[in-house]
Structure formats: structure tokens, C-alpha cells
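Numbering (our numbering), first residue to last: 129 to 334.
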């Protein structure tokens, strides 16, 4: 049985795919891939810095992230944008809506209800949209990780536990995307409807 360390897995997978401009750092609370065209950094957290089956699949997963980002399977810039958008709208919703209710309660300011509903629907829509794209990214990365691990253990000695971990993750990803797609499709037209109403109301008041 071939014994490999998590850092060895990262190196082997990336080198086999002619991905050489990278650095491995053992730090942080979670393992992650910080992709950059100039120099990619693979962070392996101390808990994953060993040769256990779980650590090897984590290492293969992060290396596969780098490969998928380079090949355009997932757009890292779009992923970051969706994450920032849903977080920004979520925070704005938490701050603005209570403030508006307070101002209206004391008759300080009257605000169109369509604006509040637009924020709520946009918050839900962008959150779901981000989760769908994020889950898609994770599923494709996990699938790639299986292939890359098979390439390392070409003689068929790959630990069966690794396949079990990946199978569970892939099933979870499929269920998650399926569950999220329906509310996303429902929220999108409602959000646009309230935004259109808000725009027409503001235009009419000018």
C-alpha cells in the first residue's frame, strides 16, 4: 500500500497537471485554496496535516479546486462576487428594515413597503444563488478529486474509505442544489416585481 501524506497528495496532483506555481502552507482553522494566476496558495490546516483517509481527500479536494479554477470549470471571481453580494444584502436587510420600522412607528418617516419586500426577496434570491453556485463548485471539485486520486493510485490500491466520503458528499451536493433551485426560481420574479413597483412609485413621485 502506498503511503502518502496530505502535502504529498497536493504536490502530486498539481505537478501531474502541470500546475507548478503554488505554495503549501500549514496554517488556519480550515483547509482551503487561495487561487491566483501568479501564485496559488494551498492552505492545509494542522488537523489535516497527516496521512489519514480524511486528510488525503481534503488535500485532493483543495488541489482540485486550483485545477478547476485554472481551467474555468468554476469562475472564482463570480463565486466571490455572489458571496459578497449575498452577505452585503443580508447585512443591509438586518440593518435597514428594523430602522425603517422604527422610523415609521414614530411617524418620523414613511417608506414604500415595496422597498422592504424587495430587500427581503433579493436577500433570499442572492443567498440561494450563491449556495447553488457554491454547491456546484464543491460537487465538481469532489468529482475531480476522485479522478486525481485514482491517477495517484493507478494500481487500484486506493483506500475504499475515500470513495465512501466522496459518495456521501456528492449525494449531499445533488440534494442541496435540487432543493435550492425551486425557491430560487420562485423568488426571482417576485424580487423583480417588487423592484419594478418601487421604481415606478419613485418615478411617479418625482
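Where a beta carbon is used, it is the ideal one built from N, C-alpha and C, also for glycine. Small disclaimer: the values here were computed from a predicted structure and weren't measured.
Asked, Found
"Residue 173 versus residue 186: straight-line alpha-carbon distance, rounded", "10 Å"
"Under 7 Å between C-beta atoms of residue 210 and residue 145", "no"
"Three-state secondary structure assigned by DSSP to residue 280", "helix"
"Pairwise C-alpha distance: residue 225 and residue 207", "27 Å"
"Which residues DSSP lists as bridging residue 168, in chain order", "150"
"Contiguous beta strand (DSSP E) assignments of at least 3 residues, all confined to the stretch 179-222", "none"
"Inter-residue spacing [alpha-carbon to alpha-carbon] between residue 149 and residue 189", "18 Å"
"Residue 276 and residue 152 closer than 7 Å at C-beta", "no"
"Secondary structure of residue 271, DSSP reduced to three states", "helix"
"Alpha-carbon spacing of residue 163 relative to residue 231, whole angstroms", "45 Å"
"Nonlocal neighbours in the same chain, by C-beta distance under 7 Å from residue 262, ignoring five residues either side", "207"
"Sub-7 Å separation of residue 217 and residue 258 beta-carbons", "no"
"Residue of 166, 281 and 160 minimising C-alpha distance to residue 269", "160"
"Pairwise C-alpha distance: residue 265 and residue 285", "Since pLDDT at residue 285 reaches only 48, below the 50 mark, its modelled position is unreliable, and the value read off the structure follows with that caveat. Rounded to whole angstroms, residue 285 to residue 265 spans 27 Å at the Cα level."
"DSSP three-state assignment for residue 140, whether helix, strand or coil", "helix"
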